[in-house]
Structures are given as C-alpha cells and as structure tokens.
Amino acid sequence: MNWREEGLVFPCGEDQLVGILALPENPAPRGVLIVVGGPQYRAGSHRQFTLLARYLAQSGIASLRFDYRGMGDSSGALRTFEHAQEDIRVAIDRLLGRVPALRDVAIWGLCDAASSALMYAPADPRVGALVLVNPWVRTEAGLARAQLQHYYGARLLEASFWKKIALGQFNPLRAARDFVGSFWQVIGGSRRDDRGKPLPERMEGGLRSFKGPVLLILSGKDLTAQEFTGVVDSSAGWQSLLRDPRVTRCDLAEANHTFSRRDWRERVASWTAAWLRQGPDSSGNFASSAGRSASWDDPRA
C-alpha cells in the first residue's frame, strides 16, 4: 500500500510538540497514537517506534509518533509519564484533525507510556483501543519482589556468577545487604504517590474503567514485565480484568524490554497490525496476515 510520512508541529499550552505522521493512501478507520515511554524520543529504542509506524502504514493504518514536552524536539519543561495527559490529548486532536477519515484512535505504549495511556484512556471517548507493552507498575516493593523471584535465583545458574566467586570478585557482604534490603522492601509495602494510591492500583482502576479492547504484550526476559506479572499474580482484581474477553495477551518469551532484536520487533509489529485490523480468531490465534512482510531496513529516522 502506498503511504507517506510528514512532520507535524502543533501547540500544547505555550509549547510546541513535534511528531511524525505515517499516512497510508486509504487509512483504516482506527488510527494509532504511539506514545513514547521513558527518557527517549519519537524514534524509540533501536528505532522501534519508527519501524512500527512504517509497518502499520504499509498495513493501511495511520499513526502519529511524537515527543512529549521537554523531550526530543518538543519545547517546554521535562515531565514524567504521570503528567503527560495534556500532551496525549492534543496529539489525538492533531491526528484526528489531520486524518478526518479516522473513527477513533488506539494508543500504543511501551513501559511507562503504557501506564500513562491506561490512566488517560477512560476519560477520552476518542480512544477506542489500547496496546500495552511491558506496562510499568514500579513500586519499591514490587521491584524488590521481582528481584527476589527472578534475579537472585537466576544468578545461581549463571557461569559468570561462579567465575566471580572463583576469582575472588564476589562480595558476599554486599550481596547479603542487597538481598536483605530487597526483602524488607517487599514486606514494607508499596510507596503511595501524592494522590493516595500506589501506581498499580491507579492502573487497575484505569483498565476497569476503560471499556474498549486491549492488547497486552509482555517480554519474557524483562524485569518490568516480571514486575507486572507479579502484581497480577497477587491481585484478584487484576486477574479478573485480564480474563475479560476484551483483553488479548501475547507473550514473547525470549524478548527483552525494548525488543532489541529485529525478529522481536517484527513480531510485535505484526501482532499489533493484525489485532488492529481484525483481532484474533475464536481460538485466540492471529490470522495469517499477521506475518505480512515489511520494509525494516530503511535507515531514515
């Protein structure tokens, strides 16, 4: 399918946001807003957001990837993901204004961008779907629990760990101190923010309030994803929500947090495009169109 990219500059309060629109010739009725997570800009780690947008455009799906205020080429003061609601709102305004054929928008977010999207979406009826990738649910207790469950045990199986011991490079007192610190953080509970609820509870409330379909993608080799599954495993509320038929979960067992390998990025992009076009079939499998090839080697940003 023919498509093109164009740069956009649009206001957010007294500042200017910069984004890239990927526009197919005949766009599908649902567009995608790619929200950037963490201290990065619209290209993403390993150019994932650039490549994702181009894959979607080749599949007939319009998208906008943009920089928050204070990041990349956008002006203004730096802000956290919990204070990006206005940025998301005006980006949706711009996407729908530039592509009037769109019926609604899916927000695609990695890490804390997924968290921001989840807390934003229930308040905006123009958001019809969410793609949540390795959602950030970080609390001190949650991080410590994930480290106890996934890091310390795995270290015992690593040859590099035993090599350090043999070479006298392992400090048992420091390791014990770190382990005990993690243990006390787990039993000490979750730190609350200035609104009175821990982040996982606010995200759970967002998912409960949002009524559209959700695609959840989790990496198997990622501490952030492991923290998220830890929260789910310890919460009946989260478990109930993820059993809802409107939630589709895909796990990529070998992938890391930012999908640094080409085949991992391609898998995430194909899952996203297939789900947006038609979703999984009755058996939970994606249609064969999920394997459609795309041009991933274009070096342009």
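Residue numbers (the numbering used here): -2 to 298. By construction, the Cβ of each residue, glycine as well, lies at the ideal position given by its N, Cα and C atoms.
Among the residues of its own chain, which have a CB less than 8 Å from the CB of residue i, if the five just before and after it don't count?
i, result
"D175", "Note that D175 scores 48 on pLDDT, short of 50, meaning its location in the model is unreliable; the coordinates nonetheless yield the value given after this. For D175, where only same-chain residues beyond five positions count, there are no Cβ hits under 8 Å."
"E36", "In the sequence as displayed, the identity of residue 36 is Pro instead of Glu. Answer for P36: M68, listed in chain order."
Under 6 Å Cβ to Cβ from residue i, same chain only, skipping five residues before and after it: list those, please.
i, result
"W272", "L212"
"L129", "A111 and L213"
"V15", "V6, D64, D70 and S71"
"A98", "P24"
"A266", "L49 and Y52"
"Q13", "V6 and S72"
Taking the beta strand (DSSP E) that residue i falls in, what are its first and last residues?
i, result
"E79", "Where E79 is concerned, there is no enclosing beta strand (DSSP E), given that its DSSP letter is neither H nor E."
"R51", "R51 -> not in any beta strand (DSSP E); alpha helix (DSSP H) instead, spanning Q45 to Q55."
"Q13", "D12 to P21"
"F33", "It should be noted that the sequence gives Val, not Phe, for residue 33. Here V33 belongs to no beta strand (DSSP E), and DSSP marks it neither H nor E."
"I214", "V211 to S216"
"S60", "S60 to F63"
"R1", "W0 to C9"
Would you mind sorting residue i into buried or exposed? The rule is 16 or more other CB atoms within 10 Å of its CB.
i, result
"L48", "buried"
"N131", "buried"
"G94", "exposed"
"P197", "buried"
"E3", "exposed"
"G125", "buried"
"L164", "exposed"
"Q55", "buried"
"L75", "exposed"
"R240", "exposed"
"S216", "buried"
"D230", "exposed"
Name the two residues that bound the continuous alpha helix (DSSP H) containing residue i.
i, result
"P197", "L196 to S206"
Hey, out of the options, whose CA is closest to residue i's CA?
i, options, result
"L238", "L204, D84 and F225", "L204"
"W268", "L53, R62, A222 and G28", "L53"
"A88", "G227, L61, D70 and L99", "L61"
"C9", "F78, G67, E224 and E198", "G67"
"F202", "G125, D12 and W235", "First, the amino acid is wrong: residue 202 is Gly here, not Phe. With distances taken between Cα atoms, G202 lies closest to W235."
"C108", "S42, S206, R27 and E251", "S42"
"S116", "E2, R95, R86 and G217", "Contrary to the premise, residue 116 reads as Met rather than Ser in this sequence. For the residues E2, R95, R86 and G217, the minimum Cα distance to M116 belongs to R86."
"A114", "G28, E79, R91 and S232", "E79"
"R259", "D12, V32, R39 and Q45", "Q45"
"A103", "T255, G209 and V33", "G209"
"A252", "K218, T77, R1 and Q223", "K218"
"A118", "D84, R39, F207 and G73", "F207"
"L249", "V229, R240, E263 and P242", "E263"
Keeping to the same chain, check which residues put their C-beta closer than 7 Å to that of residue i; ignore five residues upstream and five downstream.
i, result
"G57", "M(-2), P21, N23, P24 and A25"
"R1", "L20"
Quiz item: Which ranges would you report for the alpha helix (DSSP H) in the region 97 to 143 if only whole runs of at least 4 residues count?
Solution: The qualifying runs are 109 to 117 and 137 to 143.
Exercise. List in chain order: all unbroken beta strand (DSSP E) runs of 3+ residues lying wholly within the region 218 to 263.
Key: With a minimum length of 3 residues, the continuous beta strand (DSSP E) runs that stay inside the region 218 to 263 are 244 to 249.
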